[in-house]
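Worksheet: the structure to be examined is printed underneath.
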Amino acid sequence: MTGAARALARCDELGRISARQDALERTHLSPEHAAADAVVAGWMREAGLTTHLDPAGNRIGRREGARPSLPALVLGSHLDTVPDAGRYDGMLGVVLAIEVADRLRHESLPFAIEVVGFTDEEGTRFGDALFGSRAFAGGLEPGRLDASDAEGVTVRAALEAFGLDPGRVGEAARRPEELVGYLEVHIEQGPELLDAGRPLAVVSSIAAARRFDLEVTGRAAHAGGAPYARRRDALVGAAEIVVAVERIAKATGTVATVGRIRAEPGGVNVVPGRALLSLDVRAERDEGRDEAVGRIDAAAREICAARHLGWHLEERYRADAVVCDPALTAAVAAGVAAATGQEPPRLFSRAGHDGMAVAAVTGIGMLFVRCGNDGVSHSPDETVDEGDVGLALDAFEAAVRRLAAERG
Ligand code: HGY
Ligand code: MN
Ligand code: MN
Numbered sequence: 003m004t005g006a007a008r009a010l011a012r013c014d015e016l017g018r019i020s021a022r023q024d025a026l027e028r029t030h031l032s033p034e035h036a037a038a039d040a041v042v043a044g045w046m047r048e049a050g051l052t053t054h055l056d057p058a059g060n061r062i063g064r065r066e067g068a069r070p071s072l073p074a075l076v077l078g079s080h081l082d083t084v085p086d087a088g089r090y091d092g093m094l095g096v097v098l099a100i101e102v103a104d105r106l107r108h109e110s111l112p113f114a115i116e117v118v119g120f121t122d123e124e125g126t127r128f129g130d131a132l133f134g135s136r137a138f139a140g141g142l143e144p145g146r147l148d149a150s151d152a153e154g155v156t157v158r159a160a161l162e163a164f165g166l167d168p169g170r171v172g173e174a175a176r177r178p179e180e181l182v183g184y185l186e187v188h189i190e191q192g193p194e195l196l197d198a199g200r201p202l203a204v205v206s207s208i209a210a211a212r213r214f215d216l217e218v219t220g221r222a223a224h225a226g227g228a229p230y231a232r233r234r235d236a237l238v239g240a241a242e243i244v245v246a247v248e249r250i251a252k253a254t255g256t257v258a259t260v261g262r263i264r265a266e267p268g269g270v271n272v273v274p275g276r277a278l279l280s281l282d283v284r285a286e287r288d289e290g291r292d293e294a295v296g297r298i299d300a301a302a303r304e305i306c307a308a309r310h311l312g313w314h315l316e317e318r319y320r321a322d323a324v325v326c327d328p329a330l331t332a333a334v335a336a337g338v339a340a341a342t343g344q345e346p347p348r349l350f351s352r353a354g355h356d357g358m359a360v361a362a363v364t365g366i367g368m369l370f371v372r373c374g375n376d377g378v379s380h381s382p383d384e385t386v387d388e389g390d391v392g393l394a395l396d397a398f399e400a401a402v403r404r405l406a407a408e409r410g
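Each residue of the sequence shown is one higher than the one before, counting from 3 in my numbering.
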């Protein structure tokens, strides 16, 4: 079985570890997280890595370099998913990192190799994202352990239920001198490589992002007896805001998405008195992101004022744009050229990644793999081509070998 075939088979195996029968959903500190963690730990051991779960719930496998306790080149991605996810977002990067560690297991390298399966890159369960990678980089915000999920379970309680000590999460933090850099292979999660007819790309930077909970408040009323002139319909106001979000994002060259909306009280014969929405805004630069947020907020206030509605937005997540490290990016580009015979295209990533957090403690480099099926991701229709995955694995291995050669 080739490394690419084994990697895809392992993505299929992880794709079957889900909280739902009908779809893939595996969230932070869930029983499914524990089950996937155990499987990945076994694969790490098979690849010659010594493995442990760090205090934040990240699965880490390590093999020493030519001498013990050398700084580590970290290879990895995340093991958690969005609701109704695809099998490759995150998982492909972890299993390919294990394949590279396996290929290099007999090499005496000038650095240690660490493979990391980060937890909670998506933020699906508790709302904020990058929990594992921010803990790894020592950047976990105060109060993160007090966030709670839809059942009211806090991160703190979930860590304890998972067998971890919330008081020790800070010990997951790594020091810059312990690390050589971080490389992540990830599916592109868009159509650019598909449209260009190219299998791989080097990532230049990762987009800036902010996420919000939005609340529009009106007055519940009878769907029959309430005349329009007296209605304060929160859902109609929210609908106008959703359209304004798309208009403003297009006008500012950013991307903004309302992924979730809920009307309350939710009776078919009741004018909604409250509407709750999510908002996800991204841009290549922090300034562009923040300008779009400002314009969306202003437009929403105008819409709500005209309809005598209340408006509130609360930020749940913020990540500034991150530029990939030039030396690591050059190694990834050289690896792609060695594997494909072509210089790779450079893309900025509109999707967020753990590298946004890890960049706080060491340089990052990323390699994108073409997505099939119109480039769709965050969907069970996510696909990759085995030949592309084979090229990605060869490019990933070549990049690590080049970094080893550079460090002598
Ligand atoms: O939302 C993102 O961009 C990433 O998939 N977490
Ligand atoms: Mn994702
Ligand atoms: Mn991802």
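Just so it is clear, CB atoms sit at the ideal spot from N, CA and C, and this is done for glycine as well.
{"query": "Examine ligand 1 and report whether any of its heavy atoms sits within less than 8 Å of the Cβ of G354.", "result": "yes"}
{"query": "Just to check my reading of the structure: Y423 and G357 have Cβ atoms closer than 8 Å, yes? What is that Cβ distance to the nearest angstrom?", "result": "Coverage of the chain is limited to positions 3 through 410, which leaves residue 423 absent and any answer about it impossible."}
{"query": "Indicate whether L216 and I250 have their beta-carbon atoms separated by less than 9 Å.", "result": "no"}
{"query": "Using beta-carbon positions only, say whether R127 and L31 come within less than 9 Å of one another.", "result": "yes"}
{"query": "Determine the contact status of A117 and A211, defining contact as a CB-CB distance below 9 Å.", "result": "Note on residue identity: the sequence assigns Val, not Ala, to residue 117. Not closer than 9 Å, so no."}
{"query": "Sorted by chain position, which residues of the same chain lie with C-beta nearer than 8 Å to A258's C-beta, five sequence neighbours on each side aside?", "result": "V247, E248, I250, A251, L281, D282, V283, R284, A294 and I298"}
{"query": "Comparing C-alpha positions only, which one of L405, G134 and Y319 sits nearest to E123?", "result": "G134"}
{"query": "For the alpha helix (DSSP H) containing V260, list its first residue and its last residue.", "result": "Note, V260: premise wrong, no alpha helix (DSSP H); not H, not E."}
{"query": "When the Cα atoms are used, what is the spatial distance from P57 to E190?", "result": "30 Å"}
{"query": "Going by alpha carbons, who is nearest to H310 out of V171, R291, G275 and F113?", "result": "G275"}
{"query": "For a test of the three-state rule: what should DSSP assign to E123, helix, strand or coil?", "result": "coil"}
{"query": "What's the gap between the Cα of E180 and the Cα of D396?", "result": "26 Å"}
{"query": "Can you pull the DSSP bridge partners for S150?", "result": "T156"}
{"query": "Please report how far the alpha carbon of A21 lies from the alpha carbon of E153, in whole angstroms.", "result": "15 Å"}
{"query": "Which residue comes first and which comes last in the alpha helix (DSSP H) that contains S135?", "result": "F133 to F138"}
{"query": "Would you decide whether A25 is buried or exposed? Buried here means 16 or more other CB atoms lie within 10 Å of its CB.", "result": "exposed"}
{"query": "If contacts are defined as beta-carbon pairs under 8 Å, then A139 and V363 qualify, I think. What distance do you get, rounded to the angstrom?", "result": "4 Å"}
{"query": "If you draw a straight line from the alpha carbon of V391 to that of G290, how long is it in whole angstroms?", "result": "34 Å"}
{"query": "On the criterion of 16 or more Cβ atoms from any shown chain inside 10 Å, does S110 qualify as buried, or is it exposed?", "result": "exposed"}
{"query": "Taking Q23 as the reference, give the member of P85, R234, C373 and A253 with the closest Cα.", "result": "P85"}
{"query": "Quick check on the burial criterion: 16 or more other C-beta atoms within 10 angstroms. Buried or exposed for A149?", "result": "buried"}
{"query": "Going along the chain, which residues of its own chain have a beta-carbon closer than 7 Å to the beta-carbon of P347, five neighbours each way excluded?", "result": "A198, R200 and A203"}
{"query": "Whose C-beta lies closer than 8 Å to the C-beta of A359 among residues of the same chain, with five residues either side of it excluded?", "result": "L132, S135, R136, F138, A139, G141 and A321"}
{"query": "Going by beta carbon distance, what residues of the same chain come within less than 6 Å of H380, once the five residues before and after it are set aside?", "result": "V84"}
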